[in-house]
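Everything on this sheet refers to the single structure shown next.
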Amino acid sequence: MVAASPLLSVGNLTVDYPSRTGLIRAVDGVSFSISAGSVLGVVGESGSGKSSVGFALMGLTDASKAVLGGTITFEGRDMLTLSRSAWRQLRGDRIAMVFQDAMATLNPVMRIGDQIGEVFRWHRPEMSRRAIRAACLELLERVGIKDAGRRIDSYPHQLSGGMRQRVVIAAAIALKPSLLIADEPTTALDVTVQAQILELMQTLCREQGTALILVSHDLDVVSDVCRDVVVMKDGVVVEAGPVDDVLMNPQHAYTQILLKARPGFGSGHMNTGAPHG
Amino acid sequence: MTDIATIPIGTQGTEPAAKQERSFLSSLGRSAKGLTGLFLIMLVVACALFARQIVPYDHAQQVIEWRYAPTAWQAGGSTRNLLGGDNMGRDIFSRTIMGAQISVQVALIVVSIALVIGSVLGALAGYFGGWIDTLIMRAVDFQLAFPFLLLALIFMAVLGPGFATLVMALSFALWINFARIVRSETMRIRKLDYVDAAITMGVSQLRIIATHVLPNVLPAVLVMATLDIALVIISEASLSFLGLGVQPPTASWGVMIAEGRDFLYDQPWIVIAPGIAVLISSVGINLFGDFLRDYFDPRLERM
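Protein chains in written order, with the working numbering: chain A, 1360 to 1636; chain B, 83 to 385.
Listed below in structure tokens is the structure:
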């Protein structure tokens, strides 16, 4: 990893949502950076602005007419000054996102093969239908879906929750993006499937050299998966640094509260269950 | 790297097998509703297509002895005039069959025009909101405030009565139904995660509307379209009844009901025959529409 300059750096990012009484600041001066191929966790309670950061990176704040401030530099380009179409070129191709609820993320009336294929149709218009189908099949196999040849023509409701999330991941990694943002990707899944999905995402990211931003409220997950972590509260970063330092030895009062709030999280457990990486 | 490759990803032994996918035809074969609807529609469409071959007489042919001729099963009736003769001595059976032509044409053309225009405008209004929404929905409001018959009268006054004017007036009246239903569905759908997901994939807005929004609106639109086809058949009858639609001696169900109204006691079948025809078409269309809705919505269990 010859990352002289980071893959993505966010500087003093602000996100303001319009409301009847004026702008509401959801993210207030957040800065962090991530180097190519690494894994960053963003943790915080509900309403801490962690999801807004992810949305801002994906341009999903357009619809709510949110106002973005600060800088988002991705692969050396300032995204906030990019034209809409240039930004759209990046989305799906260089940056991709995995959402919390895979059932809602998949269009119920499109076959899953078509939904994964959409990324190719849009960003690789030169690919033929057959090539796209072959690529989708390969992706389904890579994300561990058995019997991919049959599943490719299934509708989302015919798959289980874990398989749906695998499909969503397949679509997200289809073009080998350099950055994957996962917003609570395992929250809607049960614990055993959760572990499989996390492992899958880690494996795929490592294989492709994709950097991963994991937005989560689950400290266990973050401490297992991430190298660095950013702790957010009320739209502000309260603490940031390597996972071991931040979660083992929290400096900020809020991080300490967050750690205490976790059920069955003792210091002993943390010592033995340090990140396997 | 090797140990990464051997990590077993994907142990989904407990995950349920996919439900068996059924083709359109085999689901149709299992649906009594769909088959009945299709049969009735085919009956009406066949009458419309082969009207010239089916009818024993020309729809405008007048024979003085046929005036108020009884139906074939009534006393004094004969198979010469299956459904009897009308006040002008024309064969009611022939006129009813010919009327199918007009009704089917008007219904299909009007609903197609209204569906396309209404759905596109409704989707744009619902998806983009803002001034686009305001513009389109105020046009809808304006039109809702306008009585339909007055609107039809204006069309007739400006363009003169006739088939084309009838189609235009009805399409103009109906597109708002589609615009409103598509708009509200679009507003719901555009907030769903899969639209956000498509945005994160870099899909353009118009393509999102075309591939993610409209297909999900389809069930609602189909139900609307079936209701509207029945409505158009009845509206065509109303307008023709008022003399604003198809002109006599062309046989349309509306014209027949309008003319037969005065002769109910002499020969009720002038009205009953086209009435039954309207009934058969609307029931057929509604049954088939119901079946289509069930079929196109994959979330519903296929029966």
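Even for Gly, the Cβ is constructed at its ideal location relative to N, Cα and C. The structure presented is a predicted model; accordingly, all values stated were derived computationally and were not measured.
Neighbour list for residue i in chain A, Cβ cutoff strictly below 8 Å
{"i": "residue 356 of chain B", "result": "In chain order: nothing, as chain A lies at least about 39 Å away."}
{"i": "residue 377 of chain B", "result": "In chain order: nothing, as chain A lies at least about 11 Å away."}
Beta-carbon neighbours of residue i, restricted to chain B and to distances below 7 Å
{"i": "residue 1448 of chain A", "result": "284"}
{"i": "residue 1663 of chain A", "result": "With chain A running from 1360 to 1636 in the structure shown, residue 1663 of chain A is simply not present."}
Cutoff 7 Å; reference residue i; Cβ partners in own chain excluding five residues on either side
{"i": "residue 323 of chain B", "result": "336, 339 and 340"}
{"i": "residue 364 of chain B", "result": "312 and 315"}
{"i": "residue 1643 of chain A", "result": "Residue 1643 of chain A lies beyond the residue range present for chain A, which begins at 1360 and ends at 1636; the question has no answer from this structure."}
{"i": "residue 1614 of chain A", "result": "1590, 1597, 1598 and 1605"}
{"i": "residue 145 of chain B", "result": "171"}
Within chain B, the residues that residue i reaches when beta carbons sit closer than 8 Å
{"i": "residue 1546 of chain A", "result": "Within 8 Å Cβ-Cβ: nothing; residue 1546 of chain A doesn't reach chain B, min ~13 Å."}
Per-residue DSSP class, three states only, for residue i
{"i": "residue 1619 of chain A", "result": "helix"}
{"i": "residue 242 of chain B", "result": "coil"}
{"i": "residue 1460 of chain A", "result": "coil"}
{"i": "residue 1376 of chain A", "result": "strand"}
{"i": "residue 1413 of chain A", "result": "helix"}
{"i": "residue 1699 of chain A", "result": "Beyond the ends of chain A as shown, which are 1360 and 1636, falls residue 1699 of chain A; an answer cannot be given."}
{"i": "residue 1404 of chain A", "result": "coil"}
{"i": "residue 1468 of chain A", "result": "coil"}
{"i": "residue 286 of chain B", "result": "coil"}
{"i": "residue 103 of chain B", "result": "Here the model assigns residue 103 of chain B a pLDDT of 49, short of 50, so the residue's position is not dependable, and the following value carries that caveat. The answer is coil: DSSP assigns residue 103 of chain B none of H, G, I, E or B."}
{"i": "residue 96 of chain B", "result": "Only weak support exists for where residue 96 of chain B lies, its pLDDT of 38 falling under 50; the value from the coordinates is given anyway. Coil, per DSSP."}
{"i": "residue 1591 of chain A", "result": "strand"}
{"i": "residue 297 of chain B", "result": "helix"}
{"i": "residue 142 of chain B", "result": "coil"}
{"i": "residue 1601 of chain A", "result": "strand"}
{"i": "residue 1625 of chain A", "result": "Its pLDDT being 49, under 50, residue 1625 of chain A is placed unreliably in this model, and the value from its coordinates should be taken loosely. It is coil, neither helix nor strand."}
{"i": "residue 304 of chain B", "result": "helix"}
{"i": "residue 193 of chain B", "result": "helix"}
{"i": "residue 1366 of chain A", "result": "coil"}
{"i": "residue 1481 of chain A", "result": "helix"}
CB contact below 8 Å: residue i versus chain A
{"i": "residue 274 of chain B", "result": "yes"}
{"i": "residue 255 of chain B", "result": "no"}
{"i": "residue 372 of chain B", "result": "no"}
Minimum Cβ-Cβ distance from residue i to chain B less than 8 Å
{"i": "residue 1478 of chain A", "result": "yes"}
{"i": "residue 1493 of chain A", "result": "no"}
{"i": "residue 1418 of chain A", "result": "yes"}
{"i": "residue 1456 of chain A", "result": "yes"}
{"i": "residue 1460 of chain A", "result": "yes"}
{"i": "residue 1465 of chain A", "result": "yes"}
{"i": "residue 1425 of chain A", "result": "no"}
Contacts that residue i makes with chain B (C-beta to C-beta distance below 9 Å)
{"i": "residue 1576 of chain A", "result": "By Cβ distance, chain B contributes nothing, its closest Cβ being about 18 Å from residue 1576 of chain A, past 9 Å."}
{"i": "residue 1530 of chain A", "result": "279 and 283"}
Extent of the continuous alpha helix (DSSP H) to which residue i belongs
{"i": "residue 343 of chain B", "result": "Residue 343 of chain B -> no alpha helix (DSSP H), and no H or E assigned at all."}
{"i": "residue 224 of chain B", "result": "212-226"}
{"i": "residue 1497 of chain A", "result": "1488-1501"}
{"i": "residue 118 of chain B", "result": "114-131"}
{"i": "residue 1520 of chain A", "result": "1520-1532"}
{"i": "residue 1508 of chain A", "result": "1507-1510"}
{"i": "residue 1449 of chain A", "result": "1443-1449"}
{"i": "residue 1452 of chain A", "result": "Segment: none, residue 1452 of chain A is in no alpha helix (DSSP H) and carries neither H nor E."}
{"i": "residue 168 of chain B", "result": "No alpha helix (DSSP H) contains residue 168 of chain B, which DSSP labels as neither H nor E."}
{"i": "residue 1578 of chain A", "result": "1578-1584"}
8 Å CB neighbourhood of residue i in its chain, flanking five on each side removed
{"i": "residue 123 of chain B", "result": "363, 366, 367 and 370"}
{"i": "residue 1618 of chain A", "result": "1578, 1606, 1609 and 1624"}
{"i": "residue 1565 of chain A", "result": "1396"}
Where the beta strand (DSSP E) through residue i begins and ends
{"i": "residue 1388 of chain A", "result": "1381-1393"}
{"i": "residue 1430 of chain A", "result": "1426-1433"}
{"i": "residue 1574 of chain A", "result": "1570-1575"}
Within chain A, the residues that residue i reaches when beta carbons sit closer than 7 Å
{"i": "residue 294 of chain B", "result": "1466"}
Interface flag, residue i vs chain D, CB-CB below 8 Å
{"i": "residue 1611 of chain A", "result": "The displayed structure is made up of protein chains A and B, and chain D is not among them."}
Same chain only: Cβ atoms within 6 Å of residue i, ignoring 5 sequence neighbours per side
{"i": "residue 1397 of chain A", "result": "1570 and 1586"}
{"i": "residue 334 of chain B", "result": "181, 184, 322 and 328"}
{"i": "residue 110 of chain B", "result": "116"}
{"i": "residue 298 of chain B", "result": "271"}
{"i": "residue 1364 of chain A", "result": "none"}
{"i": "residue 348 of chain B", "result": "150"}
{"i": "residue 141 of chain B", "result": "176, 177, 180 and 333"}
{"i": "residue 355 of chain B", "result": "165, 174 and 178"}
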